[in-house]
Amino acid sequence: MRHNDRPRPWGRRSLLVLGVALLAAGGLGCEQQQLEERNAALQKQLEQALVKNADLQAEADRLEGENQQLAGELAQAREAAQKAAAQPTPAKPDFGEGVDVSVKGGVTTVTLPNTILFDVGKATLKSSSKRVLDKIASTLNRQYKGQTIRVEGHTDSQPIRKTKKLWQDNWDLSCNRAMAVVRHLVAKGIDPKRVYAAGFSYYKPVASNRTAKGQAQNRRVAIVVSPH
Numbered sequence: 084m085r086h087n088d089r090p091r092p093w094g095r096r097s098l099l100v101l102g103v104a105l106l107a108a109g110g111l112g113c114e115q116q117q118l119e120e121r122n123a124a125l126q127k128q129l130e131q132a133l134v135k136n137a138d139l140q141a142e143a144d145r146l147e148g149e150n151q152q153l154a155g156e157l158a159q160a161r162e163a164a165q166k167a168a169a170q171p172t173p174a175k176p177d178f179g180e181g182v183d184v185s186v187k188g189g190v191t192t193v194t195l196p197n198t199i200l201f202d203v204g205k206a207t208l209k210s211s212s213k214r215v216l217d218k219i220a221s222t223l224n225r226q227y228k229g230q231t232i233r234v235e236g237h238t239d240s241q242p243i244r245k246t247k248k249l250w251q252d253n254w255d256l257s258c259n260r261a262m263a264v265v266r267h268l269v270a271k272g273i274d275p276k277r278v279y280a281a282g283f284s285y286y287k288p289v290a291s292n293r294t295a296k297g298q299a300q301n302r303r304v305a306i307v308v309s310p311h
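Here the numbering used here is used: the first residue of the sequence shown is 84, the next is one more, and so on.
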C-alpha cells in the first residue's frame with residue numbers, strides 16, 4: 084500500500100457536516116413531540132366540546148318540551164276563556180229587602196245584616212230568616228253549581244254584654260253565626276264539600292265602629308261565592 088492510500092482522518096469540514104445532521108435530527112424530534120402534544124390537547128378539547136354540545140342539546144330538548152306543554156296549557160286557557168265569554172252572565176239574584184248582592188271579578192257576595200238572621204248576641208237563626216236562606220240555597224244550587232262558598236261571620240267592635248256567658252268573645256260569636264248559616268245551607272241541599280265557615284270578629288269592618296249606624300252595618304254575615 085502506498086503511503087498516499089491510507090485513510091484520511093476526519094477533517095473539520097466533515098465533523099461540521101455531521102454535527103449539523105445530528106442537530107437537525109434532534110430538532111425534528113423535538114418538533115414531532117410538540118406536534119404530538121398539541122394534537123393530544125386538541126383532541127381533549129374536541130372531546131370536551133362534544134360533551135358540552137350533548138348537554139346543550141339535552142337542555143334544548145327539555146326547553147322545547149316545556150314550551151310545547153305551556154303552549155298547550157295556553158291554548159286550553161284561551162278556549163276556556165272563550166267558552167266563558169260565550170256563556171250569558173247570570174242575572175244578579177234578588178233575595179229581598181235588606182239583602183245586598185254584589186258581583187266583582189267573577190265573585191258573588193251576598194250580605195245579610197244580622198237583624199235578618201239573629202237576635203242580639205245570639206247565633207240561633209230566626210224563623211223568618213230561614214225563608215231567605217232557603218231562597219239563597221236554591222239559587223246557589225241552580226246558578227252557581229260547583230262553585231266554592233265561604234260563609235263569613237262579622238261583628239262590631241263592642242264587647243259582648245247580654246250574652247257574655249255564651250261566648251268567649253266576638254271571635255266566638257262570629258264563628259258560631261257563620262256555622263249556623265252553613266248548617267242551614269247544607270240542610271237545604273248545598274254540597275258540604277264546597278262550603279265552609281269563617282269568623283272575622285270585628286277585624287273586617289265595612290263602616291266605622293264609632294257610630295251606631297256603622298256598627299249595625301258591620302254586624303253581618305257574608306256568603307262569598309267564587310269559581311275556585
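Even for Gly, the Cβ is constructed at its ideal location relative to N, Cα and C.
Source: prediction; values computed, not measured.
Since I believe Gln298 is in contact with Val289 (beta carbons under 8 Å), could you give me their beta-carbon distance rounded to a whole number of angstroms?
One-based indexing of the sequence shown puts residue 289 at position 206. One-based indexing of the sequence shown puts residue 298 at position 215. With a Cβ gap of about 11 Å, Val289 and Gln298 do not count as contacting.
Who are the Cβ neighbours of Leu216 in its own chain at under 6 Å, not counting the five residues just before and after it?
Along the sequence shown, one-based indexing puts residue 216 at 133. Answer for Leu216: His267, listed in chain order.
Could you check whether Thr192 and Ala263 sit closer than 8 Å to each other, using their CB atoms as the reference points?
Taking the first residue of the sequence shown as position 1, residue 263 is located at position 180. Taking the first residue of the sequence shown as position 1, residue 192 is located at position 109. No; because the gap between Cβ atoms is not below 8 Å, this pair is not in contact.
Determine, using beta-carbon pairs with one atom in the stretch 276-290 and one in the stretch 228-241, whether at least three such pairs fall under 8 Å.
Cβ pair count under 8 Å is three or more, so yes.
Please determine if the stretch 195-207 and the stretch 173-185 are in contact, where contact requires at least 3 C-beta pairs separated by less than 8 Å.
Yes: the two stretches touch, three or more of their Cβ pairs being nearer than 8 Å.
Just confirm the distance between the C-beta atoms of Arg302 and Asp239, as a whole number of angstroms; I'd bet it's less than 8 Å.
For this step, residue 302 is matched to residue 219 along the sequence shown. For this step, residue 239 is matched to residue 156 along the sequence shown. With a Cβ gap of about 5 Å, Arg302 and Asp239 count as contacting.
Just confirm the distance between the C-beta atoms of Ala305 and Lys271, as a whole number of angstroms; I'd bet it's less than 8 Å.
Residue mapping note: residue 305 aligns to position 222 of the sequence shown, counting from 1. Residue mapping note: residue 271 aligns to position 188 of the sequence shown, counting from 1. Between Lys271 and Ala305 the Cβ distance is about 18 Å, and since that is not below 8 Å, they are no contact.
Looking only at its chain, what residues have a beta carbon closer than 6 Å to the beta carbon of Thr194, apart from the 5 residues adjacent to it on each side?
Along the sequence shown, read from residue 1 onward, the residue named residue 194 stands at position 111. For Thr194, where only same-chain residues beyond five positions count, the Cβ hits under 6 Å are Asp183, Arg303, Ala305.
With distance defined between alpha-carbon atoms, name the residue in Gly189, Thr222, Val203 nearest to Lys245.
Within the sequence shown, residue 245 is the residue found at index 162, counting from 1. Out of Gly189, Thr222, Val203, Val203 has the C-alpha closest to the C-alpha of Lys245.
Using DSSP with H/G/I as helix, E/B as strand and the rest coil, what is Leu195?
Locating residue 195 in the sequence shown gives position 112, counting from the first residue. Residue state, collapsed to three classes: strand.
When we look at the beta-carbon of Cys258 and count the other beta-carbons within 10 Å, is it buried (16 or more) or exposed?
The residue you call residue 258 lines up with position 175 of the sequence shown. Cys258 should be labelled buried.
Can you give the Cα-Cα distance for Lys205 and Lys276, rounded to whole angstroms?
In the sequence shown, counting from the first residue as 1, residue 205 sits at position 122. In the sequence shown, counting from the first residue as 1, residue 276 sits at position 193. Looking at the two C-alpha atoms, the distance is approximately 27 Å.
Quick one, are the C-beta atoms of Ser313 and Gly155 less than 8 Å apart?
There is no way to answer for residue 313, as the model of the chain reaches only from 84 to 311.
Please report how far the alpha carbon of Gln151 lies from the alpha carbon of Asn292, in whole angstroms.
Counting from 1 along the sequence shown, the entry for residue 151 is found at position 68. Counting from 1 along the sequence shown, the entry for residue 292 is found at position 209. Using only the alpha carbons, I get a separation of about 55 Å.
Which partner residues of Ala143 appear in the DSSP bridge assignment?
Taking the sequence shown and counting its residues from 1, one reaches residue 143 at position 60. Partner(s): none; Ala143 has no beta bridge.
Quick one: what does DSSP say Arg180 is sitting in, helix, strand or coil?
In the sequence shown, counting from the first residue as 1, residue 180 sits at position 97. Reading the sequence as shown, one finds Glu at residue 180 and not Arg. Note: Glu180 maps to coil in three-state DSSP.
Express the C-alpha separation of Asn136 and Leu118 in angstroms, rounding to a whole number.
In the sequence shown, counting from the first residue as 1, residue 118 sits at position 35. In the sequence shown, counting from the first residue as 1, residue 136 sits at position 53. About 26 Å.
Reducing DSSP to helix, strand and coil, say where Ile232 ends up.
Here residue 232 corresponds to residue number 149 of the sequence shown, with the count starting at 1. Note: Ile232 maps to strand in three-state DSSP.
Let's test the definition: count the other Cβ atoms within 10 Å of the Cβ of Arg260 and tell me whether it reaches 16, buried, or not, exposed.
Counting from one through the sequence shown, the residue named residue 260 turns up at place 177. Classification of Arg260: buried, given that the 10 Å Cβ count is 16 or more.
Does the beta-carbon distance from Lys218 to Phe178 come in below 8 Å?
Here the question's residue 218 lines up with position 135 in the sequence shown. Here the question's residue 178 lines up with position 95 in the sequence shown. Taking 8 Å as the Cβ cut-off, Lys218 and Phe178 qualify as a contacting pair.
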